[in-house]
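Asks: Protein sequences, first through last, are from chains R and H. One point on numbering: in the numbering used here, the residue at position 11 of the first sequence is 11, and numbering is uninterrupted. To convert a position in the second sequence, counted from 1, into the numbering used here, add 194.
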Amino acid sequence: MRATARLALDKIACVRGDRLLFEGLSFALGAGGAALVVGPNGSGKSSLLRLVAGLLRPAAGSISRTGELAWLGEQPALDGSQPLYRALSYWADIDRVDKATVAECLGYLGIGHLAEVPVRMLSTGQRRRAGLARVIMSGAAIWLLDEPANGLDAGAIGLLQSAVARHLAAGGIVIAATHQPLEIGDALIVDLGA
Amino acid sequence: MRPLIAILRRDLIHAFSRSGALLPIVFFLLVATLYPFAVGPDPVLLGRTGGGLLWVAALLASLLPLDRLVLEDADTGMFDQYAVRGIADETVAATKIMAHWLSFAPALMMAAVPAAALLRLDGDMLARIEIGLAIGTPGLAALAFGTASLTTGLRGAGAIAGLLMLPLAIPLLIFAAGSLAPDGTGALKLLAATSLLLTAGAPFVAGAALRAMRE
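Pasting the structure below:
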C-alpha cells in the first residue's frame with residue numbers, strides 16, 4: 001500500500017485574511033519522499049500543511065494524494081482528563097490499531113511510564129511526544145508534522161528523526177514545517193521565505 | 195462506522211462521568227418542586243399549567259451543557275483530527291447530536307414521572323408529556339448542538355447561544371404545549387414535523403460552522 005503513496009501540489013496559492021502568503025507553489029513527493037517547509041514566522045508554513053491536510057482550501061491550484069494522512073498539529077487532541085494511555089487508545093480505536101502498538105509507541109517515545117497520568121498533568125514536551133505517538137501508530141502513509149520539534153528535548157528530537165527515517169524507508173511520505181534544524185535525509189526544502 | 199461508535203461512546207462517557215448529565219435532571223426536578231410553592235398548591239391551576247411548565251423546564255435543561263458541547267473539542271483540535279481522517283464534519287455533528295440527546299433525554303423522560311407527581315398531573319397528562327418529550331427532545335438536542343457550534347469561539351458564547359436558540363425553540367414549545375390539550379393530536383404532528391426539521395437540518399448547520407471555524 002505504502003509503495004503507492006503519492007502527494008502532488010500543483011500551483012497552490014494560499015490567502016489568509018486579505019494577505020497572499022504564497023502562490024504558484026508546486027512540488028510532488030513519491031514513496032519515501034520528504035519535504036521540509038521552512039521560512040520566517042508568518043510565511044505560511046502551518047497554512048501550507050493545513051492545505052495539504054485538507055483543513056484549509058487553496059485559493060488556487062490543486063492537491064492530489066494517494067494514501068491516508070496523519071496530522072500532528074499545534075493542539076494535542078487528547079482528553080485532558082483521561083490517562084495518557086486511554087486518551088491515545090481512543091485514536092487507536094478509530095485508526096484500527098491494536099493495544100500492543102499503543103504501548104509500543106509510548107515506550108519508543110519514552111513516555112511509557114506516563115501511561116496512567118492524566119494528559120493535563122503532562123508537560124508540553126510530553127504532550128508533543130504523545131502527539132507523535134499517535135502519528136507513528138496510525139499507520140498512515142503521509143505524515144504532516146507542524147513544528148514537530150517544538151517543546152522536544154535533544155533526545156526526543158533524535159527519536160523523532162529516527163522515526164521519520166524509518167517511515168521514509170518503509171515507503172512513507174513526510175512533510176514537516178519547522179523553524180528548527182531538523183535532519184531528514186535528503187528532504188526537499190520548500191522555502192516560503194524566498 | 196467504527197469512528198462514529200467511538201465518538202458516541204466518548205461523548206456519553208464524558209457526559210455521564212462529570213455529573214454533567216445529572217445537572218439537567220436535577221434542574222428539571224427543582225423547577226417542578228419550586229413551582230407549587232410559587233403559585234400555590236391549587237390542583238386545578240397546577241393541572242392546567244404544569245404540563246407547559248415541564249416543557250419550559252425541559253427546554254432550559256437541554257441548554258445547560260451548551261457551552262461545553264463543542265468548545266472543548268474545538269480547543270484541543272479533535273475536529274481537525276476527525277477531518278484529516280476523512281470523517282465529514284456533518285457526520286461528526288450528527289453523532290454528537292445523538293450523544294447529546296442520549297445524555298439528557300431518556301433521563302429527563304424518567305424524571306418527568308416524579309415531576310408530574312409533584313405537580314399533581316394525572317396519568318393522561320403524563321402520557322401526553324412523555325410522548326411529546328420523546329418526539330420533541332431530538333429537536334432540542336439538535337438545536338442546542340447547532341447553536342453551540344455556531345457560537346463557539348465568540349466571547350460570551352454561552353449567553354449568545356442561549357439567545358440564538360430560544361427564538362428557534364419557540365415553535366417546538368408552542369406545538370409541545372398544544373399537544374398537551376385533550377385534542378392535541380394535530381399539535382403533536384406539528385411538533386414531530388418541527389423536531390424532524392431541526393434534527394435533519396442541524397448536522398449541516400453545525401458541519402458548516404465547524405468548517406468555518408478552521409478557516
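Virtual Cβ for every residue (Gly too), placed ideally from N, Cα, C.
Measuring alpha carbon to alpha carbon, tell me which of H:T393, H:R408, H:I368 ends up nearest G245 of chain H.
Replies: Among H:T393, H:R408, H:I368, the Cα nearest to that of G245 of chain H belongs to H:I368.
Asks: Quick one: does A400 of chain H have its CB under 8 Å from some CB of chain R?
Replies: No, because no Cβ of chain R sits closer than 8 Å to the Cβ of A400 of chain H.
Asks: For a cutoff of 8 Å on Cβ pairs, would you count P197 of chain H as touching chain R?
Replies: Closer than 8 Å: yes.
Asks: Give, in chain order, every unbroken run of the alpha helix (DSSP H) that is at least 4 residues long and sits entirely within the stretch 254–321 of chain H.
Replies: Listed in chain order, they are 260–263, 265–269, 272–278, 283–312.
Asks: Quick check on DSSP: helix, strand or coil for V250 of chain H?
Replies: Looking at V250 of chain H - three-state DSSP - the assignment turns out to be helix.
Asks: Would you decide whether R120 of chain R is buried or exposed? Buried here means 16 or more other CB atoms lie within 10 Å of its CB.
Replies: So R120 of chain R counts as exposed.
Asks: Tell me the rounded alpha-carbon separation between V233 of chain H and G317 of chain H.
Replies: Their Cα atoms are separated by approximately 22 Å.
Asks: What are the partner residues of D146 of chain R, as DSSP defines its beta bridges?
Replies: In DSSP, D146 of chain R forms a bridge with R:A177.
Asks: Would you call the stretch 37–54 of chain R and the stretch 171–183 of chain R touching, i.e. three or more CB-CB distances under 8 Å?
Replies: Yes: the two stretches touch, three or more of their Cβ pairs being nearer than 8 Å.
Asks: Taking 8 Å as the limit between beta carbons, can you name the residues of its chain near L260 of chain H, skipping five residues before and five after?
Replies: Correct list, in chain order: A338, T341, A342, G352, A355, G356, M359.
Asks: State the DSSP-derived secondary structure class of D153 of chain R, mapped to helix, strand or coil.
Replies: The answer is coil: DSSP assigns D153 of chain R none of H, G, I, E or B.
Asks: I'd like to know if the stretch 248–268 of chain H and the stretch 219–230 of chain H are in contact, where contact means that at least 3 CB-CB pairs between them fall below 8 Å.
Replies: Judged by Cβ distances under 8 Å, the stretch 248–268 of chain H makes contact with the stretch 219–230 of chain H, as three or more pairs qualify.
Asks: Taking a contact to mean a Cβ-Cβ separation below 8 Å, would you say H294 of chain H touches A335 of chain H in this structure?
Replies: Yes; because the gap between Cβ atoms is below 8 Å, this pair is in contact.
Asks: Would I189 of chain R be called buried (16 or more neighbouring beta carbons within 10 Å of its own) or exposed?
Replies: The residue is exposed, with fewer than 16 neighbouring Cβ atoms inside 10 Å.
Asks: Kindly identify the DSSP beta-bridge partner or partners of A35 of chain R.
Replies: According to DSSP, which records beta bridges pairwise, A35 of chain R is partnered with R:I175, R:L188.
Asks: For M1 of chain R, is the classification buried or exposed, using 16 other Cβ atoms within 10 angstroms of its Cβ as the cut-off for buried?
Replies: Caution applies to M1 of chain R, whose pLDDT of 47 falls short of 50 and renders its modelled position unreliable; the value that the coordinates give is listed next. When all chains shown are included, M1 of chain R counts as exposed.
Asks: Going by the DSSP bridge assignment, what does S62 of chain R pair with across the sheet?
Replies: DSSP output for S62 of chain R lists R:D10 as bridge partner(s).
Asks: Could you tell me the alpha carbon to alpha carbon distance between M303 of chain H and L313 of chain H, rounded to whole angstroms?
Replies: Cα-Cα distance, rounded: 15 Å.
Asks: Can you list, in chain order, the residues of its chain whose CB lies under 8 Å from that of A13 of chain R, leaving out five sequence neighbours each side?
Replies: Same-chain partners within the cutoff: L20, F22, E23, G24, L25, P58, A59, A60, G61.
Asks: For L198 of chain H, I'd like the list of residues in its chain whose CB is within less than 7 Å of its CB, leaving aside the five on either flank, ordered along the chain.
Replies: The answer, listed in chain order, is T285, T289.
Asks: Around the Cβ of I364 of chain H, are there at least 16 other Cβ atoms within 10 angstroms (buried) or fewer (exposed)?
Replies: So I364 of chain H ends up on the exposed side.
Asks: Who are the neighbours of R279 of chain H on chain R, taking C-beta pairs under 8 Å?
Replies: Within chain R, the residues near R279 of chain H are E68, L69, I94, D95.
Asks: Taking the alpha helix (DSSP H) that G112 of chain R belongs to, which residues open and close that run?
Replies: Per DSSP, G112 of chain R belongs to no alpha helix (DSSP H) and is neither H nor E.
Asks: Going by DSSP, what residue range makes up the beta strand (DSSP E) through R50 of chain R?
Replies: Counting along the chain, R50 of chain R falls outside any beta strand (DSSP E), though it belongs to the alpha helix (DSSP H) covering 45–53.
Asks: Who are the near neighbours of F210 of chain H in its chain, counting only those whose CB is closer than 6 Å to its CB and skipping five residues on each side?
Replies: Closer than 6 Å at Cβ, skipping near neighbours: no residue.
Asks: What residues of chain R sit near D274 of chain H, judged by a beta carbon separation below 8 Å?
Replies: Within 8 Å Cβ-Cβ: A53, L55, W71, G73, Q75, A77.
Asks: Which residue from R:L168, R:S81, R:G73 puts its Cα closest to that of M272 of chain H?
Replies: Nearest of R:L168, R:S81, R:G73 to M272 of chain H, Cα basis: R:G73.
Asks: Could you say which of H:D205, H:A255, H:I201 lies nearest to V220 of chain H if we only look at CA atoms?
Replies: Looking at the Cα atoms, H:A255 is the closest of the given residues.
Asks: Between R408 of chain H and chain R, is any beta-carbon pair separated by less than 8 Å?
Replies: Judged by the 8 Å Cβ criterion, R408 of chain H is in contact with chain R.
Asks: For Y90 of chain R and chain H, any beta-carbon pair shorter than 8 Å?
Replies: So, interface residue.
Asks: For L72 of chain R, which three-state DSSP category applies?
Replies: It is a strand residue.
Asks: Any beta carbon from chain R within less than 8 Å of R262 of chain H's own beta carbon?
Replies: With 8 Å as the cut-off, R262 of chain H does not count as an interface residue toward chain R.
Asks: Given a threshold of 16 other Cβ atoms within 10 Å of its Cβ, counted over all protein chains shown, does V278 of chain H qualify as buried or as exposed?
Replies: Buried.
Asks: Can you give me the Cβ contacts of L145 of chain R inside the same chain, cut-off strictly under 6 Å, excluding the 5 residues immediately before and after it?
Replies: L72, A176, listed in sequence order.
Asks: Taking 8 Å as the CB-CB limit, is S343 of chain H close to chain R?
Replies: Chain R contact via Cβ: absent.
Asks: Is it the case that the Cβ atoms of A92 of chain R and V102 of chain R are separated by a distance below 8 Å?
Replies: Taking 8 Å as the Cβ cut-off, A92 of chain R and V102 of chain R qualify as a contacting pair.
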